[in-house]
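Going by our numbering, 185 is the number at position 152 of the sequence shown; the sequence numbering is gapless.
Ideal Cβ placement from N, Cα and C applies to all residues, glycine included.
The structure displayed is predicted, hence computed values, not measured ones.
To keep things clear, I will list the structure first and then write my remarks on it.
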Amino acid sequence: MEQSIQLGAFIRDMRTERGLTQQQLADKLGITDKAVSKWERDICCPDITLLRPLAAALGVTVSELLAGQRETEDTAPAVEDMVVSAISYSEAARRKNRLDWRLLAFMGLTAACIIAAATCLICDLAVNQRYMWSPPVYPSIALAWLVCTPLLLARRYPVRWALIMLTVSILPYLCGLGWMLKQPLVTKMSIWIAPMGLVYLWLVYAICLRLRRRAWMTAGWILLLAVPLSAGVNFVVDRYVGPSGYHEVWIGLLCAAGCFAVDYVLQRRDR
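Next comes the structure, spelled out in structure tokens:
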């Protein structure tokens, strides 16, 4: 317990010495300011994977961080190397275990896609006595596999890579689908609707990164951005299909206003 108290005070002292707020230190480490506050109040200790970046952010060595005090003399290189090596080994072991789980999930996803495609092929052969191309099925399976793979295998920014894969593939997929189904209307509508949907998803991703500590504010912006998206989709549908209602626009505005109100109340309460 004494070591924990010493560590918390040391983190606080080094942070203030470098002129950092808890929020600024948290941003450097990719965590919340509440986590930093808990360290400094000795409620919990930093995760082992954060020791090296935390030491770098505070301008100290890992040995000094673990000791909870500045060394009066230069830390022996052998001791520092030993500590860093132990941390590196632990981090590598964690990444390996996490990668193993992700690899298993990826293998499960791939197997599920293959089974789904094989099932459709067997059904074609059983019903039609010959192989028939089922346009909506196989491209859809391929698109799902393409977008989900980064979520399981990417070590950094998995959601960003999934969005990139979706961005480069969704429009060709929809246009190709319209061509295979011999439905030019699908292609015409996709040219307008797909870019609007992609812009919306990228904005939602940016908002979630920016406001990840304020769930109600994030939800409010997501709902608010859905309003122009819904209006744009309805406009396209009106143009190519027929009149459609705009009731969801007002519902989205009301829900967004409610989320912003809840966020305002929570922020006022925390002050």
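Item: Since T82 contacts F139 with CB under 8 angstroms, what's their CB separation in whole angstroms?; Value: The Cβ separation is near 23 angstroms, so there is no contact.
Item: Run the CB neighbour count on D271, radius 10 Å, all protein chains shown included, and call it buried at 16 or more, exposed below.; Value: exposed
Item: So, helix, strand or coil for Q57, using DSSP?; Value: helix
Item: From this set, L286, V269 and T94, which residue's C-alpha is nearest V260's C-alpha?; Value: L286
Item: Would you kindly check if the distance between the Cβ of C153 and the Cβ of W324 is under 8 angstroms?; Value: Shown here, the chain extends from 34 to 304; a query on residue 324 therefore has no answer.
Item: Where does C78 sit, in a helix, a strand or coil, going by DSSP?; Value: coil
Item: Tell me whether R189 sits in a helix, a strand or coil according to DSSP, three-state version.; Value: coil
Item: Please classify K215: does DSSP put it in a helix, a strand, or coil?; Value: coil
Item: Within the chosen definition, does the region 202 to 220 reach the region 252 to 268 through at least 3 CB pairs nearer than 8 angstroms?; Value: no
Item: Check whether the Cβ atoms of L91 and R51 sit closer than 8 angstroms, and answer yes or no.; Value: yes
Item: Throw me the rounded Cβ distance for the L256 and C288 pair, which I believe falls under 8 angstroms.; Value: 5 angstroms
Item: Can you name the start and end residues of the alpha helix (DSSP H) that N85 belongs to?; Value: A small fix is needed here, since residue 85 is Arg in this sequence, not Asn. Start and end: L84 to L91.
Item: What separation, rounded to the nearest whole angstrom, lies between the Cα atoms of S223 and I203?; Value: 9 angstroms
Item: Using three-state DSSP, classify T108 as helix, strand or coil.; Value: Bear in mind that the predicted position of T108 carries a pLDDT of just 49, short of 50, making it unreliable; the figure below should be weighed with that in mind. Here T108 sits in coil by DSSP.
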